[in-house]
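Input: a single structure, listed below in structure tokens.
4 protein chains.
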Amino acid sequence: MNNGFIIELHPGMDPLDILRALKSEVPSARVVRAPERAWVVGSGSISPEVTAGLPPVRRSLNISAPYPLASREFQAESTEVRVGAIVFGRGSPVIIAGPCSVESRTQVLSTARHLAARGCQMFRGGAFKPRTSPYSFQGLARDGLALLAEARELTGMPIVTEVLDPGDVELVASCADMLQIGARNMQNFPLLREVGRSMKPVLLKRAPWASVSAWLQAAEYLLVEGNFQIVLCERGIVASENASGRHLDLAALVQLRKKTHLPVVIDPSHGTGDRNMVVPLALAALLLGTDGLLVEVHPDPAAALSDGFQSLDFAGFDELIWLHQRLQQITPKPRRNDP
Amino acid sequence: MNNGFIIELHPGMDPLDILRALKSEVPSARVVRAPERAWVVGSGSISPEVTAGLPPVRRSLNISAPYPLASREFQAESTEVRVGAIVFGRGSPVIIAGPCSVESRTQVLSTARHLAARGCQMFRGGAFKPRTSPYSFQGLARDGLALLAEARELTGMPIVTEVLDPGDVELVASCADMLQIGARNMQNFPLLREVGRSMKPVLLKRAPWASVSAWLQAAEYLLVEGNFQIVLCERGIVASENASGRHLDLAALVQLRKKTHLPVVIDPSHGTGDRNMVVPLALAALLLGTDGLLVEVHPDPAAALSDGFQSLDFAGFDELIWLHQRLQQITPKPRRNDP
Amino acid sequence: MNNGFIIELHPGMDPLDILRALKSEVPSARVVRAPERAWVVGSGSISPEVTAGLPPVRRSLNISAPYPLASREFQAESTEVRVGAIVFGRGSPVIIAGPCSVESRTQVLSTARHLAARGCQMFRGGAFKPRTSPYSFQGLARDGLALLAEARELTGMPIVTEVLDPGDVELVASCADMLQIGARNMQNFPLLREVGRSMKPVLLKRAPWASVSAWLQAAEYLLVEGNFQIVLCERGIVASENASGRHLDLAALVQLRKKTHLPVVIDPSHGTGDRNMVVPLALAALLLGTDGLLVEVHPDPAAALSDGFQSLDFAGFDELIWLHQRLQQITPKPRRNDP
Amino acid sequence: MNNGFIIELHPGMDPLDILRALKSEVPSARVVRAPERAWVVGSGSISPEVTAGLPPVRRSLNISAPYPLASREFQAESTEVRVGAIVFGRGSPVIIAGPCSVESRTQVLSTARHLAARGCQMFRGGAFKPRTSPYSFQGLARDGLALLAEARELTGMPIVTEVLDPGDVELVASCADMLQIGARNMQNFPLLREVGRSMKPVLLKRAPWASVSAWLQAAEYLLVEGNFQIVLCERGIVASENASGRHLDLAALVQLRKKTHLPVVIDPSHGTGDRNMVVPLALAALLLGTDGLLVEVHPDPAAALSDGFQSLDFAGFDELIWLHQRLQQITPKPRRNDP
């Protein structure tokens with residue numbers, strides 16, 4: 000069964016011509032434009048008769064998955080996502096680390112300095128914080144963004160930070176190098192649309208109850224805006240013991256390799272909720288060939304304003320890097336995923 | 000253990016005086032104002048020594064739940080939520096029905112006319128639709144709101160409709176009598192904040208993976224804005240057979256009775272995903288003393304642009320009403336919830 | 000895809016002839032004998048070439064489900080299961096009630112007398128009790144069976160009671176009219192085999208984590224012994240809120256109707272764990288056309304040695320019967336399960 | 000709150016004296032005897048007044064957990080379980096490997112020979128197989144046991160194999176060095192009782208839906224028979240993506256360290272269901288300080304009669320051992336589990 004189709008146009012063709020020709024038969028069809036490329040994409044399938052009636056196109060294909068642009072059927076080679084000089088999806092895992100929340104100048108800059116010195120490649124930190132309770136620390140907002148920019152200046156590490164409100168995308172995008180869509184917002188469609196339009200690289204976290212298919216359909220909301228710079232991030236799902244969404248689903252990594260061309264990183268901090276488990280599960284993810292890690296690090300986890308119990312301290316991060324390097328020496332290539 | 004506190008002020012007192020006196024010791028404290036009432040509320044607890052140092056207040060209490068304003072510990076009597084002449088929480092269940100999506104003038108008006116004639120009290124219908132796939136019908140937006148307003152004009156039924164984007168709250172509130180926050184947006188905090196500030200009555204759906212506590216903390220985001228006109232709506236959770244979040248959690252109704260003063264309605268359409276199960280589970284909810292039902296009805300479910308498989312047709316809705324009325328004759332009062 | 004096959008023989012044919020002809024090609028094939036009927040059944044499928052090479056048989060069919068004998072593909076008409084004068088699966092729901100555990104002569108006889116007077120059709124009570132803790136009451140064993148026999152003598156109601164140990168099947172079968180296989184033993188294969196061979200009617204409960212398919216494959220273990228007198232009993236599954244396996248899966252009833260010819264009863268006592276929810280969910284099950292109910296009733300639930308919190312008292316049972324009778328008057332036929 | 004108590008007797012005291020003195024007040028009390036030690040144990044708690052009325056005992060303690068003998072409150076030091084010369088719980092992880100099912104002499108002996116040569120310490124293999132479908136291969140039974148004994152003879156590795164039926168415990172115990180209770184039988188209480196009485200070392204697998212507490216209460220069934228030679232084995236739980244019980248719960252390892260003195264091993268074969276994930280998750284378990292691994296290995300996984308998709312081939316097992324050895328060189332001690 001087909002769940003979607005893609006018509007890829009020759010350069011210079013006007014996709015609206017195709018759209019008009021299709022619209023009455025395939026109402027879901029829409030135009031997707033990326034630099035120098037254009038497609039008409041929709042759900043369902045298109046029959047050979049319909050295709051035959053169209054002007055000559057580069058290619059036209061039916062896709063079995065309900066996320067045509069995200070699927071490997073559409074694009075066999077893995078997508079490389081670039082954030083400054085960093086590249087996700089080229090075989091070498093990217094280490095992203097930093098505090099859950101931006102709390103103070105000292106905390107941010109001391110953490111960034113330590114991490115950069117140890118080979119961390121990107122810096123994370125929340126300025127706008129989604130918190131279960133309205134009485135919890137909600138983040139430093141604009142002031143937090145300024146501190147992140149200062150950390151980048153100091154260390155050269157690009158910044159990834161979360162955006163919560165479609166109305167804040169422009170503001171956050173003016174500071175961040177990569178926009179994070181949090182687990183709670185995986186199906187916040189107005190936010191996905193705005194972030195897609197920003198053309199910034201995106202880190203799209205999985206909601207703790209979402210199937211892999213629903214997650215890739217969320218990525219499709221970004222793709223239809225022409226934004227292909229998407230990294231998926233697994234951070235734990237619901238399980239029968241402790242149903243809080245903190246069971247890291249490493250099987251998703253294996254599944255996603257087959258289903259999508261987008262890179263995938265693993266967040267063992269949220270995916271375990273326990274700093275003692277972060278390093279072991281990070282190493283398992285590296286052995287499985289993850290495109291990167293996202294880990295929470297705080298200079299003094301016990302004093303953190305959020306997520307202290309799952310944050311590594313500096314020594315914990317050093318242990319992770321040390322083991323990662325040793326592991327690379329003994330297993331030069333990521334594991335094969337044969338049937 | 001206490002997870003929150005509430006200090007209730009005498010009329011005319013300035014809550015900022017209390018806030019200033021507390022802030023250094025209880026940084027989570029914040030002012031909540033409702034018409035003619037004001038509180039200072041926060042997480043954690045306040046000790047008798049701190050309370051003793053404050054100006055005389057109406058009452059001051061520590062709350063064991065992490066959702067102080069939503070808890071029954073704060074307010075023993077059930078809240079009544081008014082939407083026009085309709086009251087939720089006064090003992091008689093409110094029937095809300097209508098199509099999943101507003102699709103056309105004929106569809107909306109014929110449905111509204113039929114429902115009103117059968118005793119339906121409120122009309123539902125989506126103008127902004129959150130859809131898993133970007134290729135699915137996304138709703139008629141402004142045009143949909145206008146059709147809902149026309150249905151109200153025609154039948155007198157107040158309208159509840161979903162708002163997805165904090166930037167759309169003003170627009171949707173200008174038409175709707177009650178704003179729905181959908182399951183996917185239960186923890187969309189910017190949206191909760193805007194909807195709270197609108198002072199419109201709110202229908203707050205539960206996310207399919209959320210604990211009852213996380214749900215009530217989402218309600219607390221509305222309450223801290225001074226908006227107490229909240230109706231909770233259960234619509235299905237994740238389970239081991241079919242993990243899609245469609246297992247109606249009627250036990251939540253029993254739990255919520257004890258934990259919160261807010262009214263609770265049940266949505267057996269999303270909570271089953273199967274029109275054959277809607278009426279039986281609706282009757283179970285009525286026997287358990289639900290404050291209302293939210294059901295999807297479509298003139299021709301097979302042709303619906305969304306959720307057709309779970310929508311009742313007119314005859315199905317009539318059967319529900321008929322059974323509900325018979326049931327009221329044979330069980331005059333809702334069931335007791337004794338230990 | 001086919002997951003199983005059934006070859007039905009003419010009366011008098013020796014199934015071992017067929018088995019021998021098939022065995023090299025289909026090693027899973029085995030002989031199933033019921034009074035006056037015989038089959039050769041296995042997993043996978045048989046090709047027309049293989050079938051052509053066999054002696055003429057009554058019919059030969061490939062089955063898509065991995066539980067060929069339990070599937071509706073094999074037998075379109077619903078199976079009727081007889082326990083004395085009681086028939087499951089003939090359209091009218093069978094009410095089974097009684098205490099969780101047999102505790103004393105007074106308790107058992109007073110309960111049985113009350114239930115019989117109210118129209119209860121079968122009596123349940125546990126003599127061998129599976130308990131999570133070794134320090135909990137483990138049942139009266141043989142003495143419990145004797146008390147159940149006395150209750151039957153007194154009231155005429157047939158008895159269903161649980162058997163835990165394959166070595167006890169003969170003992171329990173010598174007293175009980177129907178053998179219960181509990182949720183924890185749904186995949187206790189030696190027990191299934193012994194109970195199958197006993198040729199007694201069986202009540203097969205679903206394990207709280209089991210898919211409908213795994214459950215029907217457990218039934219298949221009984222069927223391959225030639226025992227077709229099986230009633231399935233749904234009693235709650237694992238869900239994200241409270242993962243203890245107490246979310247009654249009424250959707251299973253709808254699914255099973257399509258997939259199997261075996262009757263299905265609902266246990267709202269274990270399926271909710273809360274006596275306040277038993278009657279409402281029992282009525283929902285009746286509206287969905289369940290073939291029966293299994294409910295726990297105790298003269299003094301607060302003093303029960305097991306499951307007191309979920310047992311109805313006599314007044315609660317009377318309410319259930321009263322509502323059931325009223326419901327039958329107003330909805331003469333069970334609900335249709337149209338697509 | 001206390002959920003259990005233990006009274007430890009002086010050597011030579013008759014526990015029945017204590018039992019008689021307690022029985023009227025604490026009906027759950029029972030005698031537990033191990034070589035040279037005896038206790039009276041029960042659920043609930045005993046008050047100082049009751050204790051004061053007893054003859055002088057070695058110690059008497061109330062336990063908060065509902066599994067008193069399994070709890071760390073009862074015994075702070077970790078239990079060492081000995082199987083021949085192998086010791087679980089002494090700090091160095093034990094590698095157990097072998098095929099899912101015993102299929103043939105060649106398969107068993109070639110596998111055992113390979114594993115032993117690579118440093119595998121115990122051999123696993125199923126002679127009695129619990130299979131979802133009655134048409135699946137059910138194991139070689141007695142013949143399988145004989146082949147396992149031959150493998151032991153050949154390699155010196157002790158044997159662990161599953162027992163399904165209480166009536167087979169004596170037979171299986173006459174061959175095996177350690178008895179496995181499978182996930183489906185975690186709450187098969189007659190089986191637990193027989194295996195407890197056999198005094199053989201036990202490998203107790205966790206049911207895929209069971210809480211850690213229910214699992215430890217299952218262990219308590221073995222302990223009350225006086226059998227303290229128990230190793231717990233985690234093998235995957237139910238999760239929202241793919242609810243089949245294959246999400247390895249490594250967090251259980253961390254939890255169990257705090258709650259029980261019994262050793263814990265990890266089964267990454269069943270816990271992932273995918274041979275590509277076995278080695279990475281095995282290494283994560285080793286980094287978390289597991290007391291052992293249980294892995295499925297087959298000379299030709301594609302031809303295996305059961306579980307082929309999750310079995311390592313010989314090269315896969317060699318990779319595991321090689322990485323394990325390197326890991327031991329770079330992380331000499333298992334990770335600390337600090338708060």
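Residue numbers (numbering that gives the first Met the number 0), protein chains in the order written: chain A, 0 to 338; chain B, 0 to 338; chain C, 0 to 338; chain D, 0 to 338.
Every residue gets a Cβ at the ideal spot worked out from N, C-alpha and C, and that includes glycine.
Bear in mind the structure is a predicted one, so any value in this text is a computation, not a measurement.
Residues in its own chain within less than 6 Å of residue i by CB, not counting five upstream and five downstream?
{"i": "residue 333/A", "result": "With a pLDDT of only 46 at residue 333/A, under the threshold of 50, the placement of this residue in the model should not be trusted, and no figure is reported."}
{"i": "residue 270/C", "result": "234, 235, 247"}
{"i": "residue 300/A", "result": "307, 310, 312"}
Can you list the residues of chain C that residue i reaches, using a CB-CB cut of under 9 Å?
{"i": "residue 163/D", "result": "187, 188, 189"}
Who are the Cβ neighbours of residue i in its own chain at under 8 Å, not counting the five residues just before and after it?
{"i": "residue 155/D", "result": "115"}
{"i": "residue 18/A", "result": "28, 29, 30, 39"}
{"i": "residue 186/A", "result": "206, 209, 213, 217"}
{"i": "residue 290/B", "result": "87, 88, 92, 93, 230, 262, 263, 264"}
{"i": "residue 130/D", "result": "136, 137, 305"}
{"i": "residue 281/D", "result": "265, 267, 292, 294, 319, 323"}
Just curious, the alpha helix (DSSP H) that residue i is in, first and last residue?
{"i": "residue 195/C", "result": "188-197"}
{"i": "residue 282/B", "result": "274-286"}
{"i": "residue 315/C", "result": "313-329"}
{"i": "residue 180/A", "result": "No alpha helix (DSSP H) contains residue 180/A, which is instead part of the beta strand (DSSP E) from 177-180."}
In the DSSP assignment, find the beta strand (DSSP E) that holds residue i and state where it starts and stops.
{"i": "residue 204/C", "result": "201-204"}
{"i": "residue 41/D", "result": "36-42"}
{"i": "residue 87/B", "result": "85-87"}
Whose C-beta lies closer than 7 Å to the C-beta of residue i among residues of the same chain, with five residues either side of it excluded?
{"i": "residue 127/A", "result": "138, 140, 161, 162, 163, 167"}
{"i": "residue 254/C", "result": "211"}
{"i": "residue 25/B", "result": "41, 43, 45"}
{"i": "residue 283/D", "result": "249"}
{"i": "residue 117/B", "result": "316, 317, 320"}
Can you name the residues of chain A whose CB is closer than 7 Å to the CB of residue i?
{"i": "residue 237/C", "result": "239"}
{"i": "residue 271/D", "result": "250"}
Compare the beta carbon distance of residue i and residue j with 8 Å and say whether it is the shorter of the two.
{"i": "residue 315/A", "j": "residue 278/A", "result": "yes"}
{"i": "residue 147/A", "j": "residue 158/A", "result": "yes"}
{"i": "residue 294/A", "j": "residue 267/A", "result": "yes"}
{"i": "residue 305/D", "j": "residue 23/D", "result": "no"}
{"i": "residue 204/D", "j": "residue 182/D", "result": "yes"}
{"i": "residue 219/D", "j": "residue 133/C", "result": "yes"}
{"i": "residue 68/D", "j": "residue 37/D", "result": "no"}
{"i": "residue 260/B", "j": "residue 71/B", "result": "yes"}
In chain B, which residues lie with their C-beta within 8 Å of the C-beta of residue i?
{"i": "residue 92/C", "result": "Those within 8 Å of residue 92/C in chain B number zero; the least Cβ separation is about 13 Å."}
{"i": "residue 200/A", "result": "Those within 8 Å of residue 200/A in chain B number zero; the least Cβ separation is about 19 Å."}
List the residues of chain A that residue i touches, going by C-beta distances under 8 Å, in chain order.
{"i": "residue 251/D", "result": "240"}
{"i": "residue 14/B", "result": "Chain A residues near residue 14/B: none, gap ~15 Å exceeds 8 Å."}
For residue i, return the contacting residues in chain C, with the cut-off set at a CB-CB distance below 7 Å.
{"i": "residue 216/D", "result": "131, 132"}
I want to verify the contact list: residues of chain D whose CB lies under 9 Å from the CB of residue i, in sequence order.
{"i": "residue 75/C", "result": "Per Cβ cutoff of 9 Å: no residues; residue 75/C is ~22 Å from chain D at best."}
{"i": "residue 329/A", "result": "321, 322, 325, 326, 329"}
So residue i contacts chain C; which residues on that side make the cut at Cβ distance below 8 Å?
{"i": "residue 248/B", "result": "238, 240, 246"}
Can you pull the chain B residues whose beta carbon is under 7 Å from the beta carbon of residue i, in chain order?
{"i": "residue 210/C", "result": "240"}
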